[in-house]
Structure formats: structure tokens, C-alpha cells
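Data first, discussion second: the structure below is written as C-alpha cells.
Number of protein chains: 2
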Amino acid sequence: MPLTGQSFIGSQRGALGGAPIQALNPATGQRLDPVYSSVSSAEVDRAVQLAAKAFPTYSATSGKAKGAFLRRIADGLDGIQPQLAERAHLETALPMPRLLGEVSRTTGQLRLFAAVVEEGSWVEARIDPALPERKPLARPGLRSMLRPLGPVAVFGASNFPLAFSAAGGDTASALAAGCPVIVKAHSAHPGTSELVATVIQQAVAAAGLPEGVFSLLFGSGVETGAALVRHPLVQAVTFTGSLGAGRTLMDMAAARPRPIPCFTEMSSGNPVFILPGALRAGSEALAQGLFSSFTLGAGQFCTKPGIVLLTERPETARFLEKLCELVAQAQPFTLLTPGIARDYVRASSHRATQATLAAQAPAAGSAPACPANAQLFSTTLDEFLRLPALSEEIFGPDTLLVRCQTPGEFLRAAEALDGHLTATLLGSEEDLAAHWELIALLEQKAGRLIFNGFPTGVEVSHAMVHGGPYPATADSRFTSVGTRSIYRFARPVCFQGFPDALVPVELQAANPLGILRLIDGVPSREPLPE
Amino acid sequence: MPLTGQSFIGSQRGALGGAPIQALNPATGQRLDPVYSSVSSAEVDRAVQLAAKAFPTYSATSGKAKGAFLRRIADGLDGIQPQLAERAHLETALPMPRLLGEVSRTTGQLRLFAAVVEEGSWVEARIDPALPERKPLARPGLRSMLRPLGPVAVFGASNFPLAFSAAGGDTASALAAGCPVIVKAHSAHPGTSELVATVIQQAVAAAGLPEGVFSLLFGSGVETGAALVRHPLVQAVTFTGSLGAGRTLMDMAAARPRPIPCFTEMSSGNPVFILPGALRAGSEALAQGLFSSFTLGAGQFCTKPGIVLLTERPETARFLEKLCELVAQAQPFTLLTPGIARDYVRASSHRATQATLAAQAPAAGSAPACPANAQLFSTTLDEFLRLPALSEEIFGPDTLLVRCQTPGEFLRAAEALDGHLTATLLGSEEDLAAHWELIALLEQKAGRLIFNGFPTGVEVSHAMVHGGPYPATADSRFTSVGTRSIYRFARPVCFQGFPDALVPVELQAANPLGILRLIDGVPSREPLPE
Chain V
1 MPLTGQSFIG SQRGALGGAP IQALNPATGQ RLDPVYSSVS SAEVDRAVQL AAKAFPTYSA
61 TSGKAKGAFL RRIADGLDGI QPQLAERAHL ETALPMPRLL GEVSRTTGQL RLFAAVVEEG
121 SWVEARIDPA LPERKPLARP GLRSMLRPLG PVAVFGASNF PLAFSAAGGD TASALAAGCP
181 VIVKAHSAHP GTSELVATVI QQAVAAAGLP EGVFSLLFGS GVETGAALVR HPLVQAVTFT
241 GSLGAGRTLM DMAAARPRPI PCFTEMSSGN PVFILPGALR AGSEALAQGL FSSFTLGAGQ
301 FCTKPGIVLL TERPETARFL EKLCELVAQA QPFTLLTPGI ARDYVRASSH RATQATLAAQ
361 APAAGSAPAC PANAQLFSTT LDEFLRLPAL SEEIFGPDTL LVRCQTPGEF LRAAEALDGH
421 LTATLLGSEE DLAAHWELIA LLEQKAGRLI FNGFPTGVEV SHAMVHGGPY PATADSRFTS
481 VGTRSIYRFA RPVCFQGFPD ALVPVELQAA NPLGILRLID GVPSREPLPE
Chain B
1 MPLTGQSFIG SQRGALGGAP IQALNPATGQ RLDPVYSSVS SAEVDRAVQL AAKAFPTYSA
61 TSGKAKGAFL RRIADGLDGI QPQLAERAHL ETALPMPRLL GEVSRTTGQL RLFAAVVEEG
121 SWVEARIDPA LPERKPLARP GLRSMLRPLG PVAVFGASNF PLAFSAAGGD TASALAAGCP
181 VIVKAHSAHP GTSELVATVI QQAVAAAGLP EGVFSLLFGS GVETGAALVR HPLVQAVTFT
241 GSLGAGRTLM DMAAARPRPI PCFTEMSSGN PVFILPGALR AGSEALAQGL FSSFTLGAGQ
301 FCTKPGIVLL TERPETARFL EKLCELVAQA QPFTLLTPGI ARDYVRASSH RATQATLAAQ
361 APAAGSAPAC PANAQLFSTT LDEFLRLPAL SEEIFGPDTL LVRCQTPGEF LRAAEALDGH
421 LTATLLGSEE DLAAHWELIA LLEQKAGRLI FNGFPTGVEV SHAMVHGGPY PATADSRFTS
481 VGTRSIYRFA RPVCFQGFPD ALVPVELQAA NPLGILRLID GVPSREPLPE
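For the protein sequence lines, the chains are V and B, in the order given.
Going by our numbering, the letters in the first sequence line up with residues 1 to 530, in that order.
Going by our numbering, the letters in the second sequence line up with residues 1 to 530, in that order.
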């Protein structure tokens, strides 16, 4: 599959000659061919217009047909798994096993959403049958269900070139909901994005769907991204990235003449509370687990544990000794882009002025273009509470230890926390039971509470919540991972007094799909008397 | 129950002496005692602080206990139904039968939410059991459910002094979700609000709940309202009112350091499409039905049909003749406030410069202080498309006929429509089937599609959707009426790897509440092996 450097505008390819975008191998600094052409504003408009034109057809496409389409994309990606992982490896320097796994995660995700829409109950059909004899007034028949929002603009993320990118969770869930998707490809992995988009474009054609169901645009966030968010026909936005960029998009979406939902996943310190039992159970293993988690993917995970709270206990010294040893001996990491590498150095230098540098890996030699060395900072609770910058996420292989005097101080720390994707408690079950107040508080601060695990590693499943209060995300009522994420892209529509034949099949009396519905508030898969 | 003029700050009453607010009898112009004192900013802060303090306890209160609390409020309101309706009648000039009915609607609504939380399945519990043997990685046990957002600020609405006010749908659904509520009482019916708040304050005490679960504040929208929306501890806002005020609140909520959801229900023309069969079936009855709908509650319903699209047919003349006759003979109406009455006159005068005044009721004599006469305007489709102001809602007893040449022109009209709460189709089933393209288009423009009914009269039930795309509401993904409205106030929280005894009862293996849950994606009420 040769790469061309052109955007995907429905079934067409974009023009060449726009502002150039070229990926770089973060390990070597070498520029990677081809050069990508940024789209023109006319091309952005055309992609959105095509999406809007495709919407009536695609939104009325059956769950079975949408499922087949998603499976076709998954099959296509599986078919080029090695090529995809290799290109992604060149563009991100992430290790091949991780990237091969990320292809599987991505296709598994597509198939999970396929299963959800094939089964069909996700639309939350509700029927309140007519009560013509009710006094003082008859009740008309009411039937409602979730219907898709319309064209969705998806911003690819730098840190998951597959699972949060062109065919990632946002695209999969929006397509599953019945929304056409326009992806703004991340400029750090355009080749990976082109490979994926080629598969999707072919799947759209093979499924006989309108071309506007999928477009993928190369361009800058400032121009192409803003044009998408401001386009009157775009109905929702998804984004995973920095707090600054995410908030800019949120503000832009809120300031539109017609504001639209903007799902940004931004910044999370993912606090970890080390309760006494965790240290007693094995402080070396604990140090190893924590180190592995905050350096996984070179610390470029949304769920990296960046704040670790612990108390002084007999075992603390051994834990710290081991952790410092692991950090000091860590091999150099390669970050995703020169910009991220620069930011890591800058943020680390600033942190060193506010906290103690407890351990540091040797700096990289001459090899990688985007180097980073693991770092461990340490501070006191008082300092942590006094200096807001210590709560800010640093994107890269570092973490901050916050030394508390007593477990009671954990409550003070938790009260001061902003919103996070996760909050973790490590310890014995007795510890956990004793810290019920802390749990109740953390529930208000995070979308996922973890006991005796590490926050990195996000299951794609039904019960997963990958979200959390601001600034972790724009809107804590939604998740961007797992099947609940489809609900970002749908709205309820009610049909009152309609003849049975003219409502969507999900709402018809016979319930031909056999989905679970709420009949007068009671869940049932039974047909209704017409 | 004597009225005091003081706000409700948790279990206390507010100070007297703030800026005065006094209700007025819209029928007579008489000022109504007592004078109400606006709260101070310290009182606003205290109410919100109390709500935040109450949140951990109230959010952990069982569905059964929340249900008993809501039923207690309903019983209390039923106990003072005549007194409530009488005071509301003085403050709004709405007819007594309507207000007596509105008390019942309000208490029915509270009991409906009680039933929802007593049953408990609304929390959408999801469990993905641990798979310790899974390769390559074990899956931790994941359990998630909806948990309440936190303190909610509710703005009372002018047009439903009970059902959309202190104990209205917003309060009922937020309390049901587990959120403390701070109501900003509407200044047009402070006495009604005080009576209702007295009942709620007593119910909070009788239920043994923390006092901060409910407060009600008298004050201006600009000061008290803004202070609530900007308060860092407020987690969501609900509002029903004008587009201008609603958008201001939306912008304020979006501009906070931590943006919060702001549910505003604002402006809707509720277009009605008269298909040929409707005229054939009886043009006089149709005229009567339409007239009754747009003048119901003096035209002060969110769902008033303000835009009526019809084609030239043999029966059209008779329909118009009858409609004009009804309008010309209509008795004068009394609007809710002098401001609304002024706005009605101003908006009608402006409309008369853009559309033809087809019929008009005689102006009121000297009696009411807030008079309005029914009006019928008429225009062509081309004019309607040319002049955006013709799409704007006029709050009061008027409607606008939009004359189309052919049913095909309905599509052009529908394409140009903004978001609305409802869209109505009147006609035969054959008409409806022939207009499938129109239905598909209207689905994108409204939250509720009505066939052969009128949009006024909103059922409080499970399948109801009272929402719609902007500017009808801030967020088309939610409804403000019906049991779906509880989802405005909740967010999913996931517990990973937690011991069974330490997760909320809804997520425990034994499923002691017997609620419907999603186990590995499959709905079930069965217990799980622990």
C-alpha cells in the first residue's frame, strides 16, 4: 500500500501542494516520506458537507449493516497489521510488540462496537403505550430512542497512533452510533493515519455506504482543527491531548452560534495513595509496579500515575530506595515528538525548582532525537498544597512523590485534588475499609477508582469509564473508552401518536429486533399488542 | 402557613432587608404581600456550602430513602393544594383548574421519580467480572454505575409556577439522582415558591437528611443567578426561560475555570405541518384544535405552536376563515408579568411590519394589568425564509401561518428550521408515509415528533423527550421532562479491583436490590458468584 501524502475527502483524495507536514522518526531524527499536504479550507468544507449529506442515509442504516461495516474495517486493519505497526513504529518509536498489540486492541474495539449495534438494545428504546381511556385526558402513545447526532470531528491523538486515532475508539463509537466521521489526523503519525484511512475508505465503498461517512484530513490543529470545530454542520468534537489545546477547543465549541458537545480528554495526574498494607505486603514489588506504570509508553499514557501519596512507615525507606534505584538505572526513553521532548525538559526543569529531584536516570547518549530520562521528584504535602504547579501533569517518564505524615493527611490531599481520570488505592482490604471517607472523596474527583492495580492499561469493555471531572475531561458524564462511549454521539427523539409502520424498527410494536426496551418503565424484550 | 418573605438557607431562613422583590397580580396590577428580601452573596455562598457539605451523605442515601423523601414532599404539597393553587393564581393569573392540575402534575412527577429510584435500575450498573486467567493479560474486575454530580442550581420558570419551579421537574430529578438542590426562585411567584419550599424544608428535616439538601433563594437573575452559576461548588445548572437569559447562563457556565453542564430550555417555535388529509378530515375542527393549542395558558407554553405551515388546497379557505373567526372573537388574555406583556406588544408590533396580520382579537378593556389579545399572522414561505426574525418565538397568544405552494415546499421550510422542542405533522397516515423525507429532516430539528396531536401538553412519563437541538435547549442529548431527565445529573464511576463489600450495593455480586445490570454486556437481574 504506497503512501501518497493526500487527505481523504469522502471517496476522493485531497489535493497535493498544501502546507507540508512531514513525520519524523523520534528515534533517529530522520524525516519520513512522503510529505503530507495540508487540506485547504475548501476541502475541509467539502468533507463536512459530504458527511452531512451522508447523514440521513447512514443514520438510518441498520445496526446489522453498521456492524458489518465496522467488522470490515477491523478485518482490513488486521490484514495489514505488520505494515501498520512498522509504520507506526517509525513514526512514534513506540516498541513493535506494543504497536502490534495496539492494532489488535483497535480491531477488537471496532468488533466490540459492532456487537453492540448488531444486538441493538443500546438505543434505549422506551414505549409508553397510548391510554385513550385515561381521565381527565387521554395519553397519546409515546415512543423514544436514541438517534445519532450528526457529523463528528475526531482529533487523532499522538500517544496512541492506532487506538485513539483514525480508527480509534472515538471513530469506532461515533460510526457505531450512526454518525459520519471527519478525522483530523495527528501530524506526528500521518503515514499510519493514511494506511488506516485507506482501509476505512475501502470499507465504506465495499459496504455501499455514502462516501461522506468517513474523511481524514491532514493539516494543523490551529487551522484545520479550528475550521472543523467551527463548521456549522459539525455536531460534536472529540479530542485527546493537552489541557491547553483541549480547553481552546471547548471554548471554541461553546462560543459557536449553535454550541456543540466537545469531548476533550486532557490532563490527569492519576493520584496513587499508598496505604500501609501495600508497603507491608512487599515494598520492592510495589516500587517495581509503580516504576513500570509511570514509565510505560515512556510515560506518555493519559493514565500515567504522576502523583504518588505515601506516609512515613518503617517500610517506606526500602520502597524509596528501590524506586530510586530503578529510576537511576532506567534506560533512556524516546518520546513521540521533538515538541513533547522539549516540553518534558522544560516541565522537569521547572519542577526541579519546586520539588526535590529524588532520582534521575542518566541522560541519553547521542542516539534518539526525542530523548527523555526517567525522573523521580519528591515533596511534602504542605508544599504540594501550596504550589498548584505541582499538580500539573508532566507528559513523560516522571512521577512526584508526596510525603504525608499520617493517613489522615490523605484526606487533605484528596480534598485539594482537581479532576482526574483515575485514582488508585494500594493496600490491604482492611486499609481500604478504613479509608471509606477517602474513597467517597476520590469518587468525586475521578472517573475510575482502582484498588491494588495501576492506572495504566485501560480495558475496552462495557463497565470501563475513561473520563472524569475537569480538567481530566470536558464533561465527566461521558467516557471515551468502552461501550458506554457511544452515548456521546446520540440524543433521544420521541415519536408521539405515530403509526406503528412509520417509527424506526426499534420502536415497532412487534419488536422485530428483539431488543430490550422499557415499556411503561418496565424492561422487556416482548412484542406489544399493536 | 403565613408567608415571611425570607429565603431558605438549609434549615434556616434568610435575613430580611435585602433588595425588595414583590409579586404583582397580573389581573389587577395589585402588589402582593409580603415583600421578599433578596439574598446576600454571603447567603448564596452559605446555601452552596451547605449543599456541598450535604452531598457525601445525600449521594450515599439509598434509593428507598430518596423515594420516601420525594413522596413526603409530594404528600406535603397535596396537603396544601388549594392554598398553593390560590396563591399561584394571584401571582400568575393562570386559571384555578389549571393550577390545581399543576399541583397534581408536580406531585405525580415527584412520585414518578420516587418510583424510579426506589426500583433502582436507573443507575445503569455494569459489571465486567475479573478474568484472572486471560492471556496475555489478566482482566481486573470492573464495575461501574451512575453517581450524582453534586449540588445543582435550579432556576424556577415563570410559566409553570409549580411544575417547572421550586419542586418542579428539575428539582425532582436532581434530588432523585442524589444531588442537593439550590433553587433560584422566580421573582414573579415568590409566595408560591415559599409555600413549596416550606414543605420541602420540612420534608428534609422529617427525613433526617442534612439540611443542605435543599435551599431556595430569592433574588435577581443577574446577581443571585450569576453567583450560583459561577460558584465553584455548583456542579450543574437548569433553567427554563428566554433565549437571551439562557444563552447568558450557558456562556457563563462554559467560561468557568471548571465548566459545568448547563441545561437551558429556551426558545421553540414548534412548527406544525398541515398535510392535505388534515384539511380534508375537517378544517373547522383543525382550526379549533390549533387555536386552543396556541392560546393555551395564554400562549405561554414552551411547546406553543408558533409556526404553522400549510399549502393552498380547496379546504384551506374554510380552515383560515374559521381560524380567523376564533382569533377575532377571542377573549383578552392575561399574561404572567408586565415585562412579558410589554415584550408581547413589542414583538407583535415588529411582526406586523414583516408579516400580514390576518386576524386579531379585540384589545382588553381596563381590567388586566398584563393584557394580551390573540393574534394570527400570515406570510409566504419565501418571506419566512428571507426574514430570520419570523422564526423567533413570541411568548403569548399568537401564531404565524406560513403559506407554501406545494407539500414539496415543506422540505425547503424544514431545512431552514432551527432546533425546536417539537415538530408536528397533521394529516392522514398516507400523508405521513408520503412525507418520510420530511420526517427524517424534522427528526434532526426537534426532540419530539407529533402526529395528529398538538404540541402543548407534555406527558411526564418514561418515553417523553422535552428537549431538542439549540436554540430549543443547550444540549439536545437530554430532556427536562420525563424520567430520562434524571440522566442530566449523573456521571459514571468505575470501581476496578474493589472487594465486593466496598462497592456500592448496586454493584455487589449478590445484587441485593435485584436491579437490572449489564453483566459482560448482557442484561441480567441475577446475582453473580462472588
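Virtual Cβ for every residue (Gly too), placed ideally from N, Cα, C.
These numbers come from a predicted model, not from an experiment.
Subject >> Unbroken stretches of the alpha helix (DSSP H), 4 residues or longer, contained in the stretch 167-204 of chain V >> reply: 169-177
Original post:
Does the distance from the C-beta atom of Y58 (chain B) to that of P180 (chain B) stay below 9 Å?
Top reply: yes
**OP:** Report the residue ranges of all beta strand (DSSP E) runs contained in full by the stretch 26-114 of chain B; include only those spanning at least 3 residues, in chain order.
**Re:** 31-37
Original post:
What separation, rounded to the nearest whole angstrom, lies between the Cα atoms of L142 (chain V) and V458 (chain B)?
Top reply: 11 Å
Original post:
Which residue from B:P499, B:F498, B:T483 puts its Cα closest to that of A176 (chain B)?
Top reply: B:T483
Original post:
Would E429 (chain V) count as contacting chain B if we go by Cβ distances under 9 Å?
Top reply: yes
**OP:** Thinking R256 (chain B) and R230 (chain B) are a contact (beta carbons under 8 Å), I'd like their distance in whole angstroms, please.
**Re:** 6 Å
Original post:
Buried or exposed: where does W436 (chain V) fall if 16 or more other Cβ atoms within 10 Å of its Cβ makes it buried?
Top reply: exposed
Original post:
What is the residue span of the alpha helix (DSSP H) that E315 (chain B) lies within?
Top reply: First-last for E315 (chain B): undefined, no H or E at that position.
Original post:
From what residue to what residue does the beta strand (DSSP E) around R517 (chain B) run?
Top reply: 517-519
Original post:
If you draw a straight line from the alpha carbon of K445 (chain B) to that of L216 (chain B), how long is it in whole angstroms?
Top reply: 35 Å
**OP:** Please work out which residues of its chain come closer than 8 Å, Cβ to Cβ, to M96 (chain V), disregarding the five sequence neighbours upstream and downstream, and give them in chain order.
**Re:** A85, E86, H89
Subject >> Reduced DSSP secondary structure (H/G/I, E/B, other) of H466 (chain B) >> reply: coil
Original post:
Is the CB-CB distance between L309 (chain V) and F273 (chain V) below 9 Å?
Top reply: yes
Subject >> Interface residues of chain A facing F495 (chain V) [CB-CB closer than 7 Å] >> reply: Among the protein chains in the structure shown, which are V and B, there is no chain A.
**OP:** Taking only beta-carbon positions, decide if E133 (chain B) is within less than 9 Å of chain V.
**Re:** no
Original post:
Does the distance from the C-beta atom of V539 (chain V) to that of L228 (chain V) stay below 9 Å?
Top reply: In the structure as shown, chain V starts at 1 and stops at 530, and residue 539 (chain V) therefore has no counterpart that could be examined.
Original post:
Which partner residues does F263 (chain V) have in the DSSP bridge list?
Top reply: V:T238
Subject >> V123 (chain V) beta carbon less than 9 Å from that of I515 (chain V) >> reply: yes
**OP:** Would you verify that the beta carbon of E415 (chain V) is, or is not, closer than 9 Å to some beta carbon of chain B?
**Re:** no
Original post:
For P492 (chain V), which residues from the same chain have a beta carbon less than 6 Å from its beta carbon, with the 5 sequence-adjacent residues on both sides left out?
Top reply: S144, L146
**OP:** Determine whether the Cβ of F55 (chain B) lies closer than 9 Å to any Cβ atom of chain V.
**Re:** yes
Original post:
From G178 (chain V) to R477 (chain B), what distance separates their C-alpha atoms?
Top reply: 15 Å
Original post:
When the cut-off is 9 Å and only beta carbons count, does P469 (chain B) lie next to chain V?
Top reply: yes
Original post:
So, V39 (chain B) versus G14 (chain B), is the Cβ gap smaller than 9 Å?
Top reply: yes
**OP:** Count the C-beta pairs between the stretch 503-510 of chain V and the stretch 185-192 of chain V that are closer than 8 Å, then say yes if the count reaches three, no if not.
**Re:** no
Subject >> Neighbour list for M250 (chain B) in chain V, Cβ cutoff strictly below 7 Å >> reply: P259
Subject >> CB-CB length for P276 (chain V) against T334 (chain V), believed under 8 Å >> reply: Contact flag wrong, Cβ pair sits at about 37 Å.
Original post:
For I127 (chain B), which residues in chain V fall below 7 Å Cβ to Cβ?
Top reply: A463
Subject >> Nearest-angstrom Cβ-Cβ length linking L336 (chain V) and A167 (chain V), presumed shorter than 8 Å >> reply: Not confirmed; about 19 Å, so no contact.
**OP:** Could you pull out every residue in the same chain whose Cβ sits closer than 8 Å to the Cβ of V103 (chain B), ignoring the five residues on either side in sequence?
**Re:** L77, D78, Q81, L84, A85, L162
Subject >> Cβ of P527 (chain B) within 9 Å of any chain V Cβ >> reply: no
Original post:
What's the C-alpha gap between P20 (chain V) and I182 (chain V)?
Top reply: 20 Å
Original post:
Interface residues of chain B around N452 (chain V) at Cβ under 8 Å?
Top reply: G497
Original post:
Of all the options B:V234, B:A115, B:D170, B:T107, which has the alpha carbon lying nearest to the alpha carbon of V199 (chain B)?
Top reply: B:T107
Original post:
Can you give, in chain order, each stretch of the beta strand (DSSP E) that sits fully within the stretch 273-360 of chain V and has at least 3 residues?
Top reply: 307-311, 356-360
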